Amino acid sequence: MRIADFFILSLCCLIWGGNFVLSKWMLSDLALPPFFFAAVRFSLVAVLMSPFLFPIPKHFLKLCFAGLCVGALHLAFLYTGLKTAPAGASAIVSQMMIPFATILSVVFLHEKIGLKRGLGICGALIGVIILIYNPDSMAFDTGLIYIAIAFFIIAVGSVLIKGVGDIGPFQYLAWMGVLAVPSLGLASFLFETGQIEASKAAGTGIIIGVLYTALLASIFAHGQYFRLLKTYDVSLVVPLTLMSPFWAVILGVIIRDEPFGFKLIIGAVFILASVFVIARRQKQLPGDIV
764 MRIADFFILS LCCLIWGGNF VLSKWMLSDL ALPPFFFAAV RFSLVAVLMS
814 PFLFPIPKHF LKLCFAGLCV GALHLAFLYT GLKTAPAGAS AIVSQMMIPF
864 ATILSVVFLH EKIGLKRGLG ICGALIGVII LIYNPDSMAF DTGLIYIAIA
914 FFIIAVGSVL IKGVGDIGPF QYLAWMGVLA VPSLGLASFL FETGQIEASK
964 AAGTGIIIGV LYTALLASIF AHGQYFRLLK TYDVSLVVPL TLMSPFWAVI
1014 LGVIIRDEPF GFKLIIGAVF ILASVFVIAR RQKQLPGDIV
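Residue numbers for the sequence shown follow the numbering used here, so the first one is 764 and each next one is one higher.
In structure tokens:
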């Protein structure tokens, strides 16, 4: 990989890591309703990407299902989880997308996994259990369970994208935004209250959050990631994205004073090492996540 592209991928990982911390701030400290914040974020994405909507892709219905999974449903669970879950631990659990996608590829795409990747999946699941289980209360962390569900949904979307065919990242982002805004807007109308009051109380915070998540995390970082996946082998690019949870943990500790204890370290080792094994042995992911 060229040094310039490695730097760009590292910057993308820093942006994604910061995205967890910033979103945590928006949802917990500023108390923005999760469905509402996600709808506002995707409104900006939809407006900016609208020139790329047409021509309508050939497999449009499959695109709709994939876009709803990766966009509206994913963010609904992710932002709901981030209201209570730590940003760093959430970013580590997010790496479960790769084991989830691998399992789904076996079930629906009839792909084969070897012994090492099978053990990697088991190791990743053990890591998640370590992170989400709270021995003091003999219960599981609900927020991190929502995070895990969010990345299972994005794994489902990645498998669905397999049937969409050749589609550019900007067109995919455009339709994802168009599909997400009415879905999340309706969910916010039905299940949330005080959206306007929360927006006013947030002040410039909501502007900062929307600009960061839409422009940097969605359009720039995912656009560059898509380009790099087309330029280099997936088995080279995907393992390097493990820098994202590293940055999320570091920024969470520094900015939000999140705990950095033994449980986090053990869970992270299980998940990140297992994901690395799976990704390195995977010639092609079941659908490139945009």
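Backbone N, C-alpha and C fix where the C-beta goes; we use that ideal spot for every residue, glycine too.
The structure displayed is predicted, hence computed values, not measured ones.
Task: F817 in three-state terms, based on DSSP - done: Position 54 of the sequence shown, counted from the start, is the residue given in the question as residue 817. F817 sits in coil when the DSSP states are folded into three classes, being neither helix nor strand.
Task: Between the CA atoms of T865 and F871 - distance to the nearest angstrom - done: Within the sequence shown, the letter at position 108 stands for residue 871. Within the sequence shown, the letter at position 102 stands for residue 865. Those two C-alpha atoms are separated by around 10 Å.
TODO: Tell me whether T967 is buried or exposed, calling it buried when 16 or more other Cβ atoms sit within 10 Å of its Cβ.
DONE: By 1-based counting over the sequence shown, the position of residue 967 is 204. The Cβ neighbour count for T967, taken over all protein chains shown within 10 Å, is under 16; the residue is labelled exposed.
Open item on the list: Buried or exposed, going by whether 16 or more other CB atoms sit within 10 Å of the CB of S813?
Closed with: Working through the sequence shown from its first residue, we reach residue 813 at position 50. Exposed: under 16 other Cβ atoms inside 10 Å.
Open item on the list: Using 8 Å as the threshold, is the C-beta distance between V784 and A1011 below it?
Closed with: One-based indexing of the sequence shown puts residue 784 at position 21. One-based indexing of the sequence shown puts residue 1011 at position 248. Against a cut-off of 8 Å, the Cβ pair of A1011 and V784 comes out as a contact.
Task: Per-residue burial, K753 [other beta carbons within 10 Å of its own, 16 or more giving buried] - done: One cannot answer for residue 753 here, as it falls past the ends of the chain, which runs 764 to 1053.
Task: Simplified DSSP state of F903, which is helix, strand or coil - done: Taking the first residue of the sequence shown as 1, we reach residue 903 at position 140. Reduced to three states, the DSSP call for F903 is strand.
Task: Buried versus exposed, by CB contacts within 10 Å (16 or more), C775 - done: For the purposes of this step, residue 775 is taken as residue 12 along the sequence shown, with counting starting at 1. Under a 10 Å Cβ-count criterion, C775 is classified as buried, with 16 or more other Cβ atoms of the shown protein chains found around its own Cβ.
Open item on the list: For a test of the three-state rule: what should DSSP assign to Y995, helix, strand or coil?
Closed with: On the sequence shown, position 232 is the one that residue 995 refers to. For Y995, the three-state secondary structure derived from DSSP is coil.
Task: Endpoints, alpha helix (DSSP H) assigned at P862 - done: On the sequence shown, position 99 is the one that residue 862 refers to. For P862, the enclosing alpha helix (DSSP H) starts and ends at M860 to F871.
Open item on the list: Checking 8 Å against the spacing of the C-beta atoms, do L978 and L772 come in under that value?
Closed with: As a first step, residue 978 is located in the sequence shown; it is residue number 215 there, counting from the start. As a first step, residue 772 is located in the sequence shown; it is residue number 9 there, counting from the start. L978 places its beta carbon 8 Å or farther from that of L772.
Task: Same chain, Cβ closer than 6 Å to S857, neighbours up to 5 away in sequence not counted - done: The count along the sequence shown starts at 1 and reaches residue 857 at position 94. Within the same chain, S857 has close Cβ partners F914.
Task: Cut-off 7 Å between Cβ atoms - residues of its own chain near L836, not counting five sequence neighbours on either side - done: Mapped onto the sequence shown, residue 836 falls at position 73. Once the five neighbours on either side are set aside, the close Cβ partners of L836 are I916.
- [ ] Compare the beta carbon distance of T843 and Y909 with 8 Å and say whether it is the shorter of the two.
- [x] In the sequence shown, residue 843 corresponds to position 80, counting from 1. In the sequence shown, residue 909 corresponds to position 146, counting from 1. Against a cut-off of 8 Å, the Cβ pair of Y909 and T843 comes out as a contact.
Open item on the list: Given this structure, state the Cα-to-Cα distance separating R880 from A767, to the nearest angstrom.
Closed with: Here residue 880 corresponds to residue number 117 of the sequence shown, with the count starting at 1. Here residue 767 corresponds to residue number 4 of the sequence shown, with the count starting at 1. Answer to the nearest angstrom: the Cα atoms are 31 Å apart.
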